[in-house]
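In what follows, a structure is listed as C-alpha cells, so that the remarks can point back to it.
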C-alpha cells in the first residue's frame, strides 16, 4: 500500500506539471528543484521515483511529439494544429529537457548509483543505470549533442559543456555494460516491488540491456555501417519473449493512468493519424480494430496531416485507449525487427524475411485474445528494398507511439510520409529556451532540420 501511494504520488506530480498551461508536457513537481525536498530520501523511494520519471520522459513530450511527426497521432485542436505542421518554439522542450537533468533524472540517478554501489546493492544500481541509459540515449537521439559528462553536478559545473552525440551514446553503451555486470552480481536481498518493470527479475533486465544496446548501435548504422553486425550480436542476446518487454506501468487509479489516454481525455488536442490507419487497411491487417475504435458509422477514419479532423477516430478503449494500458518502451518486437534489419543489411535477405514473418506470428500470439484467431498477413515473393520497406513498416505498426520510430525513419526513410504542402519532417528537437538562457556553454540555436551526427545526409 505504501509503495502504491508513492507510485500514485510520483505520477500525480508528473501529470501536474504536464497540465500547467496545457503547453508544456510533464514539467514541474518533482521534475524541478524543490528546496524542501529531503536530501536523504530512502534509496528505494528514490529508485521508485526515478523509474516513474523515466517512464514519463519516454511517454510524455518525447513520445507525443515523435508520434505526432511520424503520423501515429494527429493534432486537431489548439497549439497542436501548429505542432502538426512543425511550427513550434523552444519553450515547448523545457519540460522534457528538465526531466533529464533534475530530480528524478540524472541528479537522483547518480545518487542512487553511488549509494547503491557503496552499499553493494548491485540490483538497485543496475536498475538506476538502465533508467539513466534509456533517458540519456533517447535524449541524444532527439537533441544530438547534449551535456552529459559534466551534467547534474551544479556546484562543480554550473554551466556543463556539451558532449558530442557520439560521445554520449558511447558513454551510455559503457553504462549499460556496467548495469549488466551489476545484474549478474546481484545482491543478497532486493524487494522486487520496487522494480516496476520486472519485479526484481535480473535475467529480464539483462535481456532488456542487450536490446537497448542493439537499438543504440543500430541508430548509428547510417553513419557507421559496421554497426549492423554489432547490433545483431547484441539483439541475439536481447529480449527473448514478450513477457520480457520493458513497459511503463499504468492503472485506472488517479495518477497512474496512461499518459496518452489522459492527455486526449483532458484536452482532446490529438486524434489518430490517417497514415497508420491506411497502412492497416491496405492489407486487411486485423490489428486495425485492436488498435482503434471505429466511428459511429463503423468506419476507421484518421486525420491526415494538417487536416485537423476533430471527428477522426481514437484508440480502442480496451487496448491502447485504456487508462490501464501499459506503455511499451523496449520490447521483444523491437528486438526482432532489429535482427531482421541487420540481417537484411548483412546480405541475408532470406533470413530477414523469415525473421519478419516469425515476428508477425509472435505478435499474433501476444494479442491472440484480441485478434480472434485472425492472422496478420505475412510477406512472400518480395526481394531487394521491398524487404527493408516491409520490415520498417511493420516495425512502425508494432512500435505504436514509441519515439524510436522517429529515429528509424531518419535512418531508413520508412515509413513513407505524406505531408501537407510537402513540408519537410523535422529531424531533431529544438534546444530548450531555458538552456539557452542559463547555460553559458550553450552551443547556439540549431533548427528542427539540422542533422545530428548519427543522421548524415
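Numbering (our numbering), first residue to last: 861 to 1317. Beta carbons are placed, not taken as given, at the ideal position from N, Cα and C, and that holds for glycine. From a predicted model like this one, the values you see are computed outputs, not experimental measurements.
Subject >> Neighbourhood of residue 1069 by C-beta distance below 7 Å, restricted to the same chain and skipping five residues each side >> reply: For residue 1069, where only same-chain residues beyond five positions count, the Cβ hits under 7 Å are 990, 1036, 1039, 1040.
Original post:
According to the neighbour-count rule (16 or more other Cβ atoms, all chains shown, within 10 Å of its Cβ), is residue 890 buried or exposed?
Top reply: Confidence is the limiting factor: at residue 890 the pLDDT is only 33, short of 50, which leaves the residue's position unreliable, though a coordinate-based value still follows. By the neighbour-count rule (16 or more Cβ atoms within 10 Å), residue 890 is buried.
**OP:** Look at the alpha carbon of residue 910 and the alpha carbon of residue 999, and state the distance between them as a whole number of angstroms.
**Re:** Going from the Cα of residue 910 to the Cα of residue 999 covers about 16 Å.
**OP:** Can you grab the Cα-Cα spacing for the pair residue 1302 / residue 1138, in whole Å?
**Re:** The C-alpha of residue 1302 lies about 42 Å from the C-alpha of residue 1138.
**OP:** With distances taken Cα to Cα, identify the nearest neighbour of residue 996 among 1007, 1261, 1122.
**Re:** Measuring from the Cα of residue 996, the nearest candidate turns out to be 1007.
Subject >> Distance, residue 1214 Cα to residue 1300 Cα >> reply: C-alpha separation (whole angstroms): 52 Å.
**OP:** Would you kindly work out how many angstroms separate the C-alpha atoms of residue 1258 and residue 1015, rounded to a whole number?
**Re:** Distance between the alpha carbons of residue 1258 and residue 1015: 44 Å.
**OP:** With DSSP collapsed to three states, give me the class of residue 1010.
**Re:** In this structure, residue 1010 counts as coil in the three-state DSSP scheme.
Subject >> Residue range of the unbroken beta strand (DSSP E) whose run includes residue 940 >> reply: Premise fails: residue 940 lies in the alpha helix (DSSP H), 939-944, not in any beta strand (DSSP E).
**OP:** Would you decide whether residue 979 is buried or exposed? Buried here means 16 or more other CB atoms lie within 10 Å of its CB.
**Re:** Classification for residue 979: exposed.
**OP:** Could you say which of 983, 1094, 1019, 1092 lies nearest to residue 1050 if we only look at CA atoms?
**Re:** When each option's Cα is compared against that of residue 1050, the closest is 983.
**OP:** Decide if the segment 1225-1239 is in contact with the segment 1143-1150; the criterion is three or more beta carbon pairs, one per stretch, under 8 Å apart.
**Re:** Contact annotation: the segment 1225-1239 touches the segment 1143-1150, with at least three C-beta pairs closer than 8 Å.
**OP:** Taking all protein chains shown into account, decide if residue 1272 is buried (16 or more other Cβ within 10 angstroms of its Cβ) or exposed.
**Re:** Buried is the call here.
**OP:** May I ask which residues mark the beginning and end of the beta strand (DSSP E) holding residue 1131?
**Re:** Start and end: 1130-1132.
Subject >> Proximity winner among 1141, 1012, 1202, 1182, relative to residue 1090 (alpha-carbon distances) >> reply: Taking only the C-alpha atoms, the option nearest residue 1090 is 1202.
Original post:
Roughly how far, in whole angstroms, is the beta-carbon of residue 1132 from the beta-carbon of residue 1174, given that I think they are within contact range, below 8 Å?
Top reply: 6 Å between Cβ atoms; contact.
**OP:** Look up residue 912 in the DSSP assignment and say whether it is helix, strand or coil.
**Re:** Residue 912 falls in the helix class under three-state DSSP.
Original post:
So does residue 986 have its beta carbon nearer than 7 Å to some heavy atom of the ligand SAH?
Top reply: Looking for the ligand SAH in the displayed structure turns up nothing, as the structure carries no ligands at all.
Subject >> Length of the line joining the Cα atoms of residue 1286 and residue 1263 >> reply: Approximately 13 Å, taken between the alpha carbons.
Subject >> residue 1296 versus residue 958 - alpha carbon distance >> reply: Spanning the alpha carbons of residue 1296 and residue 958 requires a straight line of approximately 13 Å.
**OP:** Drop a sphere of 10 angstroms on the beta-carbon of residue 881, count the other beta-carbons inside from all chains shown, and report buried for 16 or more, exposed for fewer.
**Re:** Confidence is the limiting factor: at residue 881 the pLDDT is only 37, short of 50, which leaves the residue's position unreliable, though a coordinate-based value still follows. Exposed: under 16 other Cβ atoms inside 10 Å.
Original post:
When DSSP labels each residue in this structure, what does residue 927 get in the three-state scheme?
Top reply: Under the three-state reduction of DSSP, residue 927 is assigned to helix.
**OP:** Check whether the Cβ atoms of residue 1312 and residue 1283 lie closer than 8 Å to each other.
**Re:** Not in contact: residue 1312 and residue 1283 (Cβ atoms no closer than 8 Å).
Subject >> Cα-Cα separation, residue 1058 to residue 1281 >> reply: Distance between the alpha carbons of residue 1058 and residue 1281: 46 Å.
Subject >> Coarse secondary structure for residue 1059, derived from DSSP in three states >> reply: In the structure shown, residue 1059 falls within a coil segment according to DSSP collapsed to helix, strand and coil.
Subject >> C-alpha distance - residue 1235 paired with residue 1221, whole-angstrom precision >> reply: Rounded to the nearest whole angstrom, the CA to CA distance from residue 1235 to residue 1221 is 8 Å.
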